[in-house]
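If you use the numbering used here, the sequence shown corresponds to residues 6 to 460, in order.
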Amino acid sequence: MNKKEMKKMKKELSYENRNGWINSDSYKSEAFQFAEIYKDFLSQCKTERETVQFVYNEFTNRKKEGDFLIVNRGKNIALIRVGKKDGIKLVASHIDAPRIDIKQNPLFEDTEVAMFHTHYYGGIKKYQWFNIPLAMHGVVVKENGESVEIKVGEDEKDPIFVIPDLLPHLSHKVVDEKKVKDAFEGDKMNLIVGSIPIDKEEKDAVKLQVLSILNEKYGIKEEDFISAELEIVPALNPKDLGFDRSLIAAYGQDDRICAFCSKEAFFNAKDNSKTIVALMIDKEEIGSDGNTGAKSRFLMDVAIEVLKAKKETVDFESISNFFRESEVLSSDVNGAVNPMYKDVHEKDNASYINHGVVMTKFTGHGGKYMANDASAEFVSKVRTIFNNAKVNWQIGELGKVDEGGGGTIAKYLASWNMDVIDCGPALLSMHSPYEISSKTDLLETYKAYKAFFED
Ligand SMILES: [Zn+2]
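What follows is the structure in structure tokens.
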């Protein structure tokens with residue numbers, strides 16, 4: 006065999022994944038344009054409620070005839086297009102992201118500084134949240150049921166909030182010498198919200214000043230916080246990253262990058278013969294529990310509404326058939342290999358930035374525990390769809406065996422007897438206040454979901 010033949014054989018027989026930027030200039034400009042729409046979406050959707058509202062509004066303008074949606078408690082949304090043939094194609098993402106939540110009785114004053122008590126949400130590295138600009142998003146529901154929306158820290162003229170860190174000069178014993186996981190205590194992650202006393206003599210005069218401002222601006226009193234959901238998120242807007250602008254730095258990309266791609270794929274999918282659903286779920290970052298998480302029966306509503314729209318009988322058998330015939334991309338992100346920390350990955354089964362959308366057969370940890378393990382048959386099907394549509398894809402296991410691991414909503418969806426595989430782009434700095442994605446991976450993820458819907 007000569008060199009040329011050997012090269013040919015290697016190309017034919019080997020599995021390779023490639024860098025998405027090895028493409029034409031027109032590809033690059035397509036990816037860059039698509040990224041602009043994505044960045045705008047991210048800057049407007051910093052909470053699950055805001056994402057549902059945004060997608061809802063967009064649906065009104067972009068829906069095709071017969072399309073419908075279901076909203077669950079303002080935190081889940083399903084976009085549905087009923088097809089003529091049997092079979093359901095579902096792309097399911099989650100729209101909650103790691104953040105800092107405000108406690109129920111948050112406001113206190115200490116050493117004449119007014120602060121909010123917080124409780125962090127999801128898997129964060131606590132030190133990343135100290136001394137960065139933070140914004141407050143959410144709702145306060147008053148005793149009479151009136152819902153007051155609060156959004157402070159996003160407008161250029163708005164104030165922001167900060168969780169104060171300790172100066173290096175004095176942090177030697179209480180922070181620096183401890184293990185990182187012990188050094189930054191969740192209970193100390195309190196937010197500065199004011200410092201002017203309302204009166205010279207009154208006790209807790211700074212706290213009272215804050216209450217009076219809140220009352221004037223929003224008509225709320227202290228007890229109203231008991232029935233509020235206020236989320237603290239980075240007051241940082243999405244930005245291009247790098248001299249070549251190939252990457253995007255932004256908050257909340259896990260997993261709104263998949264939600265964005267799934268809705269774009271839904272709106273742009275050609276008329277297909279099967280039923281397609283873009284599903285957006287809450288509470289993934291805290292175990293998928295609650296009535297808006299993947300473990301809730303919201304999926305049952307989706308099944309029933311589709312059956313009703315198809316004018317089919319709704320009974321136990323038809324619902325069971327609906328799920329058995331469903332094919333699902335659990336659209337969630339993976340952790341891309343960080344060049345400075347390659348050792349936590351096994352290179353042949355890791356995912357790389359710019360190398361396309363990632364298919365993950367199983368997540369979980371230590372001996373595949375807690376994993377949805379997609380069947381070989383289903384993986385083959387999805388791989389074929391992607392290859393036929395010329396999608397740049399790669400595989401990705403989350404870290405070396407026994408290095409750690411993680412989960413997604415895949416296993417909860419699979420428990421309904423659906424075929425499920427994890428599929429989404431790989432991020433750098435996942436779960437940080439400023440996560441990093443790639444513009445080619447964004448475009449390939451969209452192309453993958455669209456091809457899946459159109460199959
Ligand atoms: Zn995720």
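For glycine and all other residues, C-beta sits at the position ideal for the given N, C-alpha and C.
Alpha-carbon spacing of residue i relative to residue j, whole angstroms
i: P111; j: G191; result: 14 Å
i: I231; j: K222; result: 18 Å
i: A210; j: A270; result: 53 Å
i: R302; j: N397; result: 34 Å
i: L284; j: D306; result: 12 Å
i: V333; j: Y61; result: 22 Å
i: K455; j: L448; result: 11 Å
i: T365; j: I426; result: 7 Å
i: F37; j: K444; result: 7 Å
i: D229; j: I237; result: 18 Å
i: Y126; j: S437; result: 12 Å
i: L403; j: E35; result: 29 Å
i: K15; j: N7; result: 12 Å
i: V57; j: D460; result: 27 Å
i: T450; j: D181; result: 41 Å
i: D106; j: M141; result: 9 Å
i: K395; j: N28; result: 12 Å
i: F367; j: G411; result: 10 Å
i: S420; j: A308; result: 15 Å
i: Y32; j: N220; result: 52 Å
i: F321; j: F327; result: 10 Å
i: P173; j: V179; result: 11 Å
i: V167; j: L235; result: 15 Å
i: F458; j: L95; result: 8 Å
i: S176; j: P138; result: 21 Å
i: K300; j: I441; result: 29 Å
i: E148; j: A233; result: 11 Å
i: S380; j: D424; result: 8 Å
i: N277; j: K12; result: 40 Å
i: L433; j: A355; result: 13 Å
i: V157; j: F121; result: 14 Å
i: F64; j: E55; result: 14 Å
i: V319; j: Y346; result: 52 Å
Own chain residues within Cβ distance below 7 Å of residue i, not counting five before or after
i: D101; result: E53, D287, K288, E289, E290
i: G317; result: According to the sequence displayed, residue 317 carries Glu and not Gly. Correct list, in chain order: S323.
i: L304; result: W421
Other residues of its chain near residue i: CB distance less than 6 Å, five sequence neighbours each side excluded
i: F189; result: K131, Y132
i: S98; result: D260, C263, A264, S267, M285, S336
i: E351; result: K405
Integer Cβ distance of residue i from residue j, believed to fall under 8 Å
i: G401; j: N339; result: 4 Å
i: N136; j: P169; result: 7 Å
i: D259; j: M435; result: 5 Å
i: A255; j: K44; result: 7 Å
i: T297; j: K80; result: 4 Å
i: L213; j: E207; result: 6 Å
i: G409; j: H370; result: 6 Å
i: T123; j: N66; result: So it is not a contact: roughly 37 Å between Cβ atoms.
i: G92; j: E330; result: 5 Å
i: A40; j: I253; result: 6 Å
i: G155; j: V146; result: For the record, residue 155 in the displayed sequence is Ile; it is not Gly. No, I155 and V146 are not in contact; Cβ-Cβ is about 11 Å, not under 8 Å.
i: V282; j: L84; result: 7 Å
Endpoints, the beta strand (DSSP E) within which residue i is located
i: V146; result: 139–146
i: F121; result: 118–126
i: E440; result: 440–443
i: Q109; result: 104–115
i: T368; result: Taken as a continuous stretch (DSSP letters only), T368 belongs to no beta strand (DSSP E), as it is neither H nor E.
i: N66; result: Not the beta strand (DSSP E): N66 falls in the alpha helix (DSSP H), residues 53–67.
i: K244; result: 244–246
i: V185; result: Note, V185: premise wrong, no beta strand (DSSP E); alpha helix (DSSP H) at 185–188.
i: N22; result: Looking at the DSSP string, N22 is not in any beta strand (DSSP E), and its letter there is neither H nor E.
i: N81; result: 81–86
Limits of the alpha helix (DSSP H) - the one that residue i falls within
i: D170; result: It is not in any alpha helix (DSSP H) - D170 carries neither H nor E in the DSSP assignment.
i: E221; result: 210–223
i: F321; result: 321–329
i: R388; result: 381–393
i: N273; result: 258–273
i: I281; result: Premise fails: I281 lies in the beta strand (DSSP E), 280–286, not in any alpha helix (DSSP H).
i: S48; result: 30–49
i: V307; result: 303–314
i: K16; result: 8–18
i: K416; result: 415–419
Sequence-distant residues of the same chain with beta carbon closer than 8 Å to residue i, five excluded per side
i: F59; result: F46, Q49, C50
On the three-pair Cβ rule with 8 Å, is the region 78–90 touching the region 175–188? no
On the three-pair Cβ rule with 8 Å, is the region 381–394 touching the region 272–279? no
Three-pair Cβ contact test at 8 Å for the region 109–127 versus the region 196–206: yes
Inter-stretch contact (C-beta, 8 Å, three-pair minimum) for the region 68–77 and the region 150–163: no
If we count Cβ pairs, one from each stretch, closer than 8 Å, do we get three or more for the region 354–367 versus the region 12–24? yes
Taking contact to mean at least 3 C-beta pairs separated by less than 8 Å, is the region 415–422 in contact with the region 373–383? yes
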